[in-house]
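A.B. asks:
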Amino acid sequence: MGKIKIKNLKKTFGELEVLKDINLEIKEKEVVCIIGPSGSGKSTLLRCINALEEATSGTVEVDGNDITGAHEKINLFRQNIGMVFQQFNLFPHMTVLDNICLAPTALKIKSKDEANAIAMGLLKRVGLQEKAEVYPGQLSGGQQQRVAIARALAMNPDVMLFDEPTSALDPEMVGEVLNVMKQLANEGMTMVVVTHEMGFAREVADRVIFIDEGYIVEQGPPQEIFANPQNQRTINFLNMVL
Amino acid sequence: MDNRSLRRKSLSIPELIAQNWPRLLSGLGMTVEITIISLVFAAIIGLVFGLLSVAPQKALRAIALVYVDIVRGTPLLVQAFFIYFGIPMALGIRLDQNLAGVITLSLNAGAYLAEIFRGGIESINSGQMEAARSLGLTYGLSMRKVILPQAIRTMTPALINQCIITLKDTSLLSVIGVVELTQTGKLIIANNYESFKMWLIVGVMYFIVIMILSKISKQIERKMSYGKNKN
Ligand SMILES: Nc1ncnc2c1ncn2[C@@H]1O[C@H](COP(=O)(O)OP(=O)(O)OP(=O)(O)O)[C@@H](O)[C@H]1O
Ligand SMILES: [Mg+2]
Numbered sequence: 116m117g118k119i120k121i122k123n124l125k126k127t128f129g130e131l132e133v134l135k136d137i138n139l140e141i142k143e144k145e146v147v148c149i150i151g152p153s154g155s156g157k158s159t160l161l162r163c164i165n166a167l168e169e170a171t172s173g174t175v176e177v178d179g180n181d182i183t184g185a186h187e188k189i190n191l192f193r194q195n196i197g198m199v200f201q202q203f204n205l206f207p208h209m210t211v212l213d214n215i216c217l218a219p220t221a222l223k224i225k226s227k228d229e230a231n232a233i234a235m236g237l238l239k240r241v242g243l244q245e246k247a248e249v250y251p252g253q254l255s256g257g258q259q260q261r262v263a264i265a266r267a268l269a270m271n272p273d274v275m276l277f278d279e280p281t282s283a284l285d286p287e288m289v290g291e292v293l294n295v296m297k298q299l300a301n302e303g304m305t306m307v308v309v310t311h312e313m314g315f316a317r318e319v320a321d322r323v324i325f326i327d328e329g330y331i332v333e334q335g336p337p338q339e340i341f342a343n344p345q346n347q348r349t350i351n352f353l354n355m356v357l
Numbered sequence: 141m142d143n144r145s146l147r148r149k150s151l152s153i154p155e156l157i158a159q160n161w162p163r164l165l166s167g168l169g170m171t172v173e174i175t176i177i178s179l180v181f182a183a184i185i186g187l188v189f190g191l192l193s194v195a196p197q198k199a200l201r202a203i204a205l206v207y208v209d210i211v212r213g214t215p216l217l218v219q220a221f222f223i224y225f226g227i228p229m230a231l232g233i234r235l236d237q238n239l240a241g242v243i244t245l246s247l248n249a250g251a252y253l254a255e256i257f258r259g260g261i262e263s264i265n266s267g268q269m270e271a272a273r274s275l276g277l278t279y280g281l282s283m284r285k286v287i288l289p290q291a292i293r294t295m296t297p298a299l300i301n302q303c304i305i306t307l308k309d310t311s312l313l314s315v316i317g318v319v320e321l322t323q324t325g326k327l328i329i330a331n332n333y334e335s336f337k338m339w340l341i342v343g344v345m346y347f348i349v350i351m352i353l354s355k356i357s358k359q360i361e362r363k364m365s366y367g368k369n370k371n
C-alpha cells in the first residue's frame, strides 16, 4: 500500500548532517505537505525521493522500486516521479509545447504527434492552450509554473514532488498555481509538497509533516497539526508563520 | 619592357596585386582551407574535452585539465616544431607540412575550444540539468537536448573569436613551410623586394577576410537570440 517508503534516511553534505533519521511512508493518492524552517532539510528530503540528491544511508522506495540503489535504472524510475521546482526551470530555448514534449519524445515513449496531442491536453488542463508556441521568457511566473507542472505530467507520473512551487511568484499568481495543484490532488495524484502556503496545506493535505533540524518532529492531519500542535518546536514555528 | 627592367622599377600597389594575384589567391585559399579543416577537428576535440572537463568523474576532468594546460602552457610555434620536426624524428617518419600544420592547429584550437565549451556549459543554471534529469532523461540526453543548445548560444561570440584567432595563427605555420598567405607574401618579396607594399597587401587581405567573418558572426548572433524576454 505504501507508494513511497523512506527508511532511516540520512543525508550529509560534508560535515553537515542535513537529514538525520527520516522514516516516512506515503500512501497511494495521499497528499503530504512538508513544512519547517529554512534550512531544516525539506528540499533535501524531497530531492532524495527522486535521487537528485544521493542518500548517505537508508533507503527510499517508490512503487516498490529501490531509488537509493538504482544506478542506471534511476532514469526509468524518475519517469514515474514528476518534479516541480521553485524556479520553474523551464527550458528557455524551447517553446512551451517543446518543453512539454521533450521527455516523451526524446525517450521515444511517444511519437511527435502523440506527444503534441498530450501536451495540448495538458495545456488545456492548466489553462494555457493559447501559449503553446511561445517561449517561457514571454510568460509570467504563474504561467511558467503551470507549464512546468504540465511538463512533469507529460510523463504520466504516479507521484508528483513540489518544492515550494509558489515561493518565487508574485502574490497575485500564487492562486492559479495552487488551483492546478488542488485539481491534481482531487484527481488522486500522490503528492509530496514542500510549502509555506499553510492555507493550501490546511485545505488540500491529507497529512502535514513538520521537519526541523533533519528530523520529522511532528506529523498528522492538518486540522490536528494546525489547531493542536504537540511539540514545542512545531508551536514556535506555526506561531511565526501563521 | 623586359623582365629585368620590370623588376628594377618600383611597381604601384595595383600593379603588384595584378602581377601576383594568382599566387596571393592560392595562398589565401590555403589559409582558409587549413583554418576550416583545423576548426572542424578542433570543434570535435573541444566538444569532447569540454564535456570531459565538466564530467561528474574526477579522473575524466583531470584528463581534460592536463590537455588544456599543456596547450596553454606552450607557444604555438613550439607545438608546430614539435609536431613537424620532433615527433617524425622520434618515430622515424616523414610528415607532410600541411598535415603537420592542421594537426598543430587542431590540437591548439581544440584546447581553447574545450575551455569555451566548459565555460558555456557551466554558465547554464544547474536547475536546467536537474529539471531534465527529473523527467527521466539520461545525463547524455540532458546535455544534448537541454544544456548544449543553450551553452552554444552563450558561447557564440567566444567561438567566433577563436575562429578568427585560428585563422591568424595559420600565419605561424609559414615557419614549417606551409605555403599559406604569409608564406606566399614572403616568397613574393624574395623575388621583388617590395616589402612595404607586399606586407600591406597581405595585411589587407587578412583584414578583409576577418571583417567578413565578423559581419557574418554578428548576423548569426542576432538570429540566435530566442524568444525575447518580456521583462
Ligand atoms: N548541495 C549542497 N551542498 C552543501 N550543503 C547543502 C547542499 N544542499 C543543501 N545544503 C544545506 O543543507 C541544509 C538543508 O538544506 P535544504 O535546502 O534541504 O533546506 P530547506 O528546508 O529546503 O530550506 P528552505 O526552506 O530555505 O528551502 C542547509 O543548511 C543547506 O545549506
Ligand atoms: Mg528548500
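Taken in sequence, the protein lines are chains A and B.
For our numbering, count along the first sequence from 1 and bump the result up by 115.
For our numbering, count along the second sequence from 1 and bump the result up by 140.
For each residue, glycine too, the CB sits at the ideal point set by N, CA and C.
Given the structure is predicted, the values throughout are model-derived calculations rather than measurements.
Pick out the complete alpha helix (DSSP H) segments inside the segment 310 to 342 of chain A, 4 residues or longer, and give them in chain order.
C.D. replies: 313 to 319 and 337 to 342
A.B. asks: Using the rule of at least 16 other Cβ atoms within 10 Å of the residue's Cβ for burial, across every protein chain shown, is residue 347(B) buried or exposed?
C.D. replies: As a working note, residue 347(B) is residue 207 in the second sequence. Classification of residue 347(B): exposed, given that the 10 Å Cβ count is below 16.
A.B. asks: I need the residues with a C-beta less than 5 Å from some heavy atom of ligand 3; please give them in chain order.
C.D. replies: Among the ligands present in this structure, namely ligand 1 and ligand 2, ligand 3 is not found.
A.B. asks: Any idea what DSSP makes of residue 198(A), helix, strand or coil?
C.D. replies: For the purposes of this step, residue 198(A) is taken as residue 83 along the first sequence, with counting starting at 1. Residue 198(A): strand per DSSP, three-state reduction.
A.B. asks: For residue 356(A), is the beta carbon positioned less than 7 Å from some heavy atom of ligand 2?
C.D. replies: Taking the first residue of the first sequence as 1, we reach residue 356(A) at position 241. Flag unset: Cβ of residue 356(A) not near ligand 2.
A.B. asks: Under the three-state reduction of DSSP, which class applies to residue 117(A): helix, strand or coil?
C.D. replies: Position 2 of the first sequence, counted from the start, is the residue given in the question as residue 117(A). Three-state result, residue 117(A): strand.
A.B. asks: Starting from the C-beta of residue 157(B), find all residues in its chain whose C-beta is less than 8 Å away, skip the five residues before and the five after it, and write them out in chain order.
C.D. replies: The residue labelled residue 157(B) in the question sits at position 17 within the second sequence. Same-chain partners within the cutoff: 164 and 341.
A.B. asks: My output table needs one value for residue 132(A): the three-state DSSP class, helix, strand or coil.
C.D. replies: Counting from 1 along the first sequence, the entry for residue 132(A) is found at position 17. Reduced to three states, the DSSP call for residue 132(A) is strand.
A.B. asks: In the DSSP assignment, find the alpha helix (DSSP H) that holds residue 228(A) and state where it starts and stops.
C.D. replies: Locating residue 228(A) in the first sequence gives position 113, where the first residue counts as 1. Counting along the chain, the alpha helix (DSSP H) containing residue 228(A) begins and ends at 227 to 240.
A.B. asks: With three or more beta-carbon pairs closer than 8 Å as the criterion, would you say the segment 243 to 251 of chain B touches the segment 170 to 183 of chain A?
C.D. replies: no
A.B. asks: Please state whether the Cβ-Cβ distance between residue 266(A) and residue 292(A) is less than 8 Å.
C.D. replies: Within the first sequence, residue 266(A) is the residue found at index 151, counting from 1. Within the first sequence, residue 292(A) is the residue found at index 177, counting from 1. No; because the gap between Cβ atoms is not below 8 Å, this pair is not in contact.
A.B. asks: Let me know the secondary structure DSSP gives residue 160(B) once reduced to three states.
C.D. replies: Locating residue 160(B) in the second sequence gives position 20, where the first residue counts as 1. DSSP places residue 160(B) in helix when its eight states are reduced to three.
A.B. asks: Among 152(B), 314(B), 308(B) and 199(B), which has the Cα closest to the Cα of residue 238(B)?
C.D. replies: Numbered from its first residue, the second sequence carries residue 238(B) at position 98. Per the Cα distances, 314(B).
A.B. asks: Contact criterion: CB-CB distance below 8 Å. Does residue 294(B) meet it with respect to chain A?
C.D. replies: Position 154 of the second sequence, counted from the first residue, corresponds to residue 294(B). With 8 Å as the cut-off, residue 294(B) does not count as an interface residue toward chain A.
A.B. asks: Given that residue 268(B) touches chain A, what residues does it touch there, using C-beta distances under 8 Å?
C.D. replies: For the purposes of this step, residue 268(B) is identified with residue 128 of the second sequence, where counting begins at 1. Those are 204 and 206, listed as they occur along chain A.
A.B. asks: Taking only three categories from DSSP, how would you classify residue 357(A)?
C.D. replies: In the first sequence, residue 357(A) corresponds to position 242, counting from 1. Residue 357(A) falls in the coil class under three-state DSSP.
A.B. asks: The segment 289 to 322 of chain B: which residues have C-beta closer than 8 Å to a C-beta of chain A, in chain order?
C.D. replies: 289, 290 and 293
A.B. asks: List, in order along the chain, the chain B residues whose C-beta lies closer than 7 Å to that of residue 198(A)?
C.D. replies: Locating residue 198(A) in the first sequence gives position 83, where the first residue counts as 1. Residues of chain B passing the Cβ test: 274.
A.B. asks: What in chain A is Cβ-close to residue 198(B), meaning under 7 Å?
C.D. replies: Locating residue 198(B) in the second sequence gives position 58, counting from the first residue. Those within 7 Å of residue 198(B) in chain A number zero; the least Cβ separation is about 16 Å.
A.B. asks: Run through chain B and tell me which residues come within less than 8 Å of residue 270(A), C-beta to C-beta.
C.D. replies: Mapped onto the first sequence, residue 270(A) falls at position 155. Near residue 270(A) (Cβ distances below 8 Å), the residues of chain B are 275 and 276.
A.B. asks: Pair every Cβ in the segment 284 to 294 of chain B with every Cβ in the segment 219 to 230 of chain B, then say whether three or more of these pairs are closer than 8 Å.
C.D. replies: By the Cβ criterion, the segment 284 to 294 of chain B is not in contact with the segment 219 to 230 of chain B, since fewer than three pairs of Cβ atoms, one from each stretch, lie closer than 8 Å.
A.B. asks: Quick check: what's the CA-CA separation for residue 142(A) versus residue 195(B)?
C.D. replies: The sequence position of residue 142(A) within the first sequence is 27, counting from 1. The sequence position of residue 195(B) within the second sequence is 55, counting from 1. Those two C-alpha atoms are separated by around 37 Å.
A.B. asks: Identify, in the order they occur along the chain, each residue of the same chain with its Cβ nearer than 8 Å to the Cβ of residue 331(A), setting aside the five sequence neighbours on each side.
C.D. replies: Taking the first residue of the first sequence as position 1, residue 331(A) is located at position 216. Only 137, 138, 139, 324 and 325 meet the Cβ criterion.
A.B. asks: Near residue 190(B), which residues of its chain fall below 6 Å by C-beta distance, leaving aside the five closest residues on each side in sequence?
C.D. replies: Taking the second sequence and counting its residues from 1, the one referred to as residue 190(B) is at position 50. 254, 257 and 258, listed in sequence order.
A.B. asks: Counting pairs of beta carbons, one from the segment 270 to 278 of chain B and one from the segment 208 to 218 of chain A, are three or more of them closer than 8 Å?
C.D. replies: yes
A.B. asks: So is residue 301(A) in contact with chain B if we call contact Cβ pairs under 8 Å?
C.D. replies: Residue numbering aside, residue 301(A) sits at position 186 when the first sequence is read from its first letter. Output row for residue 301(A): interface = no.
A.B. asks: Can you find a CB in chain B that lies within less than 8 Å of the CB of residue 259(A)?
C.D. replies: Your numbering for residue 259(A) matches position 144 in the first sequence. Residue-level contact by beta carbon fails for residue 259(A) and chain B, as no gap is shorter than 8 Å.
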